[in-house]
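The block underneath contains the structure these notes are about, expressed in structure tokens.
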Amino acid sequence: MPLYSFSCNNCGQEVDLFLSLGELNRGVAQCPYCQSRDLKGPGQDQMAAAGASPSPAGSRPSCVIGQK
Ligand SMILES: [Zn+2]
1 MPLYSFSCNN
11 CGQEVDLFLS
21 LGELNRGVAQ
31 CPYCQSRDLK
41 GPGQDQMAAA
51 GASPSPAGSR
61 PSCVIGQK
């Protein structure tokens, strides 16, 4: 299963979870710290970074946001 990075909107922790695509789509991802399901998932920034076409000249990709 792929590893997805989330950030928790409830407690602010960054969490990495192994989820199948079906689980991801069902929204079963849950914060291991506070058990909240209010997670900001990979659909917001990571998929944009991974799936976006090459940036037009002049805009610099910011693909390292959130990485440590
Ligand atoms: Zn949390």
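Under UniProt numbering, the first residue of the sequence shown carries the number 1, and numbering increases by one thereafter. Ideal Cβ placement from N, Cα and C applies to all residues, glycine included. Computed from a prediction, not measured in an experiment: that's the story for all the values here.
Per-residue burial, residue i [other beta carbons within 10 Å of its own, 16 or more giving buried]
| i | result |
| --- | --- |
| Pro32 | exposed |
| Cys34 | exposed |
| Pro2 | exposed |
| Cys11 | exposed |
| Asn9 | exposed |
| Phe6 | buried |
Cβ of residue i within 7 Å of any chain B Cβ
| i | result |
| --- | --- |
| Gln13 | The structure shown has no chain B; it contains just one protein chain. |
For residue j and residue i, the rounded distance between their alpha carbons
| i | j | result |
| --- | --- | --- |
| residue 151 | Gly22 | This structure cannot speak to residue 151, because the chain is shown only from 1 to 68. |
| Arg26 | Lys40 | 14 Å |
| Glu14 | Tyr4 | 11 Å |
Please list, in chain order, all residues with a C-beta atom less than 6 Å from at least one heavy atom of ligand 1. Going by the Cβ distance cut-off, the answer is Cys8, Asn10, Cys11, Gln13, Cys31, Tyr33, Cys34 and Ser36.
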